[in-house]
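Engineer: Take a look at the following structure, please.
Protein chains: 2
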Amino acid sequence: MADEESFLVFPDPAPPDLARCLDLGGYSWKSWAGDAALDRAAEGGETWTGAIVAADTDADAAWMLCRELRRGDVPTEPLLVLVSGSQLDDLESRSELFDDFIITPFHPRELEARIRHLLWRAGRGSRPELVAYGPIELNLETYQAVVDGRPLDLTYMEYELLRFLTSNPGRVFTRETLLNRVWGYEYYGGARTVDVHVRRLRAKLGEEHSNLIQTVRSVGYKLGQSRWKEPSAES
Amino acid sequence: MADEESFLVFPDPAPPDLARCLDLGGYSWKSWAGDAALDRAAEGGETWTGAIVAADTDADAAWMLCRELRRGDVPTEPLLVLVSGSQLDDLESRSELFDDFIITPFHPRELEARIRHLLWRAGRGSRPELVAYGPIELNLETYQAVVDGRPLDLTYMEYELLRFLTSNPGRVFTRETLLNRVWGYEYYGGARTVDVHVRRLRAKLGEEHSNLIQTVRSVGYKLGQSRWKEPSAES
DNA sequence: CCAACTGTTAACGCCGTGTGAAACAAGCCC
DNA sequence: GGGCTTGTTTCACACGGCGTTAACAGTTGG
């Protein structure tokens, strides 16, 4: 569930054969109407495995969408365009807008092969370095933390603490250990510091996920491993 | 430019339609029998603009040639394979052996389009001349920066800094990293230099866009990817 | 020699951070 | 089970680090 492969498909009522081919291939995908939806997606931090843009019907809108996708607001992704045979000459002046193309009507297996190859090529590229556990995802490059897709506004120490716990899920750490490994200095009288930071983290994780960080009495804290144990938070 | 574009074509008697298509496209090419000739070429320092390998007749020899070409003796070059429809499934396990493929029988204009795109990717593909993020656009050729269509008057260092940040949107960079990658020297003690340049950049970006460059406390700076849910202080 | 660019220094103000103590919950002993 | 002990959560506050900002000095080019 972490890296569900989801494709952005244009136009909104996706071409029937394209839709059927994607479904048969086991890919999840979502069709979008236009660039207006892009802004929303960019804000929400939504990302796609790639984009498939059919340019054989509404060429202008399709190329505009490609241009938007290539702007960098959304991370550069494999971009496949569908063109009709008569549009082949249009490709030359738009080289930067796509990674691969396929001519309609296309053979389903060719589409599948092209998608596979694009994904393979993308996989070899620089993949964002991230650590995740359950609903928590930490992007080490952007210093962003999200839970359930909702971005968290964490301070430096909160982020470091959450990163350490998420990197070692299920393991219990004493306060001394946490002070040593996260704060980096020898424990000298400030055990409550950890408590307070755990508290702040729990608060920012939200009511529903505050139990992700569990306290092991007389020992310390740990993250996860028993999420499905008697929630009973409601009522 | 205008250097002789010469393609390596396999097999030796090149497929007639392929040969004719290349000739019509104005490309120079040379057909080779097999891998024995490769060593000679590698020694002689001969290079090609790219390779076009027909795998629909002698598949085994074709893939072996691709493997040789990808061995690293010769710099990786655009590699296009011709396959028949029944060979599509073979591609999956050979992803690393080609850059693009085309199904035989092919339409001449599709071949031309694919060659053009491969050449474009090989040349300018890795070196974009335009980098953009949100309202920011940097023209690397004219050394001009515009935001919202309004041209900015940036100094050299400001431009370099903005270019680096815009090229890696969302990623956080420490001041030390910025000094190394943008300024290019190792420096320790003058970290405030970065602060000041960021400040000047923000000033020139204008009030409305000054928040494009975000400071991540205790870490460094990053551009964009903000999740500012700004609680409607404006309006 | 002026103008613009660049890097440094220092003062200011904010916000993250740690600490102490009080409120709270969970065991433990009698 | 009542009361005591131990450990955890919560709150409020003060210190200090960190970023911002402005002014200044060194440097280069016209």
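Residue numbers (the working numbering), protein chains in the order written: chain A, 1 to 235; chain B, 1 to 235. Every residue gets a Cβ at the ideal spot worked out from N, C-alpha and C, and that includes glycine.
(1) Under a Cβ-count criterion, where at least 16 other Cβ atoms within 10 Å of its own Cβ denotes burial, should B/L179 be classed as buried or exposed?
(2) Between the Cα of B/P13 and the Cα atoms of B/W29, B/G25, B/L24 and B/S6, which residue gives the shortest distance?
(3) To the nearest whole angstrom, what separates the beta carbons of A/Y156 and B/V219, a pair I think is in contact under 8 angstroms?
(4) Starting from the Cα of A/E77, find the closest Cα among A/V53, A/P135, A/G85 and A/V83 and give me that residue.
(5) Check whether the Cβ of A/R200 lies closer than 8 angstroms to any Cβ atom in chain B.
(6) Kindly indicate which three-state DSSP category B/R199 falls into: helix, strand or coil?
(7) Measuring only the C-alpha atoms, how far is B/L79 from A/A113?
(8) Is the stretch 161-168 of chain A touching the stretch 137-151 of chain A, taking contact as three or more C-beta pairs under 8 angstroms?
(9) Could you check whether the stretch 56-76 of chain A touches the stretch 91-99 of chain A, counting it as contact only if at least three pairs of C-beta atoms, one from each stretch, sit closer than 8 angstroms?
(10) Answer with yes or no whether the minimum CB distance from A/Y27 to chain B is below 8 angstroms.
(11) Would you say A/I103 faces chain B, with C-beta separation under 8 angstroms as the test?
(12) Beta-carbon within less than 8 angstroms of B/L154's beta-carbon, same chain only, minus the 5 sequence neighbours each way: which residues are those?
(13) Express the C-alpha separation of A/G149 and A/P231 in angstroms, rounding to a whole number.
(14) Quick check on DSSP: helix, strand or coil for A/W29?
(15) What residues in its chain sit with their C-beta under 8 angstroms from that of A/M143, if we drop five residues either side in the sequence?
(16) Whole angstroms are fine: how far does the CA of B/G184 sit from the CA of B/N211?
(17) Using a beta-carbon distance below 8 angstroms, is A/G72 in contact with chain B?
(18) Out of curiosity, what's the CA-to-CA distance linking B/V147 and B/Y27?
(19) Using DSSP with H/G/I as helix, E/B as strand and the rest coil, what is B/V172?
(20) Starting from the C-beta of A/Y111, find all residues in its chain whose C-beta is less than 7 angstroms away, skip the five residues before and the five after it, and write them out in chain order.
(21) Strictly under 8 angstroms for the Cβ-Cβ distance: is A/R109 near chain B by that measure?
(22) With a CB to CB cut of under 6 angstroms and the five nearest residues on each side skipped, what residues in its chain are close to A/V9?
(23) With a Cβ-Cβ cutoff of 8 angstroms, do B/F7 and B/G50 count as a contact?
(24) Are the CB atoms of B/V182 and A/G72 within a distance shorter than 8 angstroms?
(25) From this set, A/V196, A/P15, A/E176 and A/A122, which residue's C-alpha is nearest A/D58's C-alpha?
(26) For A/L119 and A/D90, I'd like the C-alpha separation in whole angstroms.
(27) What residues in its chain sit with their C-beta under 8 angstroms from that of A/L18, if we drop five residues either side in the sequence?
(28) Do B/G170 and B/K222 have their beta-carbon atoms positioned less than 8 angstroms apart in this structure?
Structural biologist: So, from the data block:
(1) The residue you call residue 179 of chain B lines up with position 179 of the second sequence. It is buried - the Cβ of B/L179 has at least 16 other Cβ atoms within 10 Å.
(2) The sequence position of residue 13 of chain B within the second sequence is 13, counting from 1. Comparing Cα positions, the closest option is B/W29.
(3) Translated into positions along the first sequence, residue 156 of chain A becomes position 156. Translated into positions along the second sequence, residue 219 of chain B becomes position 219. Confirmed, about 7 angstroms.
(4) As a first step, residue 77 of chain A is located in the first sequence; it is residue number 77 there, counting from the start. Looking at the Cα atoms, A/V53 is the closest of the given residues.
(5) For the purposes of this step, residue 200 of chain A is taken as residue 200 along the first sequence, with counting starting at 1. By this cut-off, A/R200 is not an interface position.
(6) Taking the second sequence and counting its residues from 1, the one referred to as residue 199 of chain B is at position 199. B/R199 falls in the helix class under three-state DSSP.
(7) Locating residue 79 of chain B in the second sequence gives position 79, counting from the first residue. Locating residue 113 of chain A in the first sequence gives position 113, counting from the first residue. Distance between the alpha carbons of B/L79 and A/A113 is about 16 angstroms.
(8) yes
(9) yes
(10) Counting from one through the first sequence, the residue named residue 27 of chain A turns up at place 27. False, the Cβ-Cβ gap to chain B never drops below 8 angstroms.
(11) To locate residue 103 of chain A, count along the first sequence from 1; it is residue 103. Answer yes: the Cβ-Cβ gap between A/I103 and chain B drops below 8 angstroms somewhere.
(12) The residue you call residue 154 of chain B lines up with position 154 of the second sequence. The answer, listed in chain order, is A145, L162, L201 and K204.
(13) Translated into positions along the first sequence, residue 231 of chain A becomes position 231. Translated into positions along the first sequence, residue 149 of chain A becomes position 149. Caution is warranted here: a pLDDT of 39 is assigned to A/P231, below 50, making its placement in the model unreliable, and the coordinate value is therefore given only provisionally. Their Cα atoms are separated by approximately 21 angstroms.
(14) Reading the first sequence from its first residue, position 29 is the one you call residue 29 of chain A. If DSSP states are grouped into helix, strand and coil, A/W29 belongs with the strands.
(15) As a first step, residue 143 of chain A is located in the first sequence; it is residue number 143 there, counting from the start. The sequence given here places Tyr at residue 143 of chain A; Met does not occur at that position. Here the set comprises Y159.
(16) Within the second sequence, residue 211 of chain B is the residue found at index 211, counting from 1. Within the second sequence, residue 184 of chain B is the residue found at index 184, counting from 1. Looking at the two C-alpha atoms, the distance is approximately 26 angstroms.
(17) Start at 1 with the first residue of the first sequence, and residue 72 of chain A comes out as number 72. At least one chain B Cβ lies under 8 angstroms of A/G72.
(18) In the second sequence, counting from the first residue as 1, residue 147 of chain B sits at position 147. In the second sequence, counting from the first residue as 1, residue 27 of chain B sits at position 27. Roughly 41 angstroms between the two C-alpha positions.
(19) Sequence index remark: in the second sequence, residue 172 of chain B carries index 172 (1-based). Correct three-state label for B/V172: coil.
(20) The count along the first sequence starts at 1 and reaches residue 111 of chain A at position 111. Tyr is not the amino acid found at residue 111 of chain A; the sequence shown has Leu there. Closer than 7 angstroms at the Cβ level, and outside the excluded window around A/L111, lie C21 and I102.
(21) As a working note, residue 109 of chain A is residue 109 in the first sequence. Chain B, which has a Cβ nearer than 8 angstroms to the Cβ of A/R109, makes this yes.
(22) Translated into positions along the first sequence, residue 9 of chain A becomes position 9. Only W29, S31 and I52 meet the Cβ criterion.
(23) On the second sequence, position 7 is the one that residue 7 of chain B refers to. On the second sequence, position 50 is the one that residue 50 of chain B refers to. Yes.
(24) The residue given as residue 72 of chain A occupies position 72 in the first sequence. The residue given as residue 182 of chain B occupies position 182 in the second sequence. Not in contact: A/G72 and B/V182 (Cβ atoms no closer than 8 angstroms).
(25) Your numbering for residue 58 of chain A matches position 58 in the first sequence. Among A/V196, A/P15, A/E176 and A/A122, the Cα nearest to that of A/D58 is on A/P15.
(26) Against the first sequence, residue 119 of chain A aligns to sequence position 119. Against the first sequence, residue 90 of chain A aligns to sequence position 90. For A/L119 and A/D90, the distance between alpha carbons rounds to 25 angstroms.
(27) In the first sequence, counting from the first residue as 1, residue 18 of chain A sits at position 18. The answer, listed in chain order, is V9, I52, A54, L82 and L111.
(28) Working through the second sequence from its first residue, we reach residue 222 of chain B at position 222. Working through the second sequence from its first residue, we reach residue 170 of chain B at position 170. Result yes, Cβ atoms of B/K222 and B/G170 sit closer than 8 angstroms.
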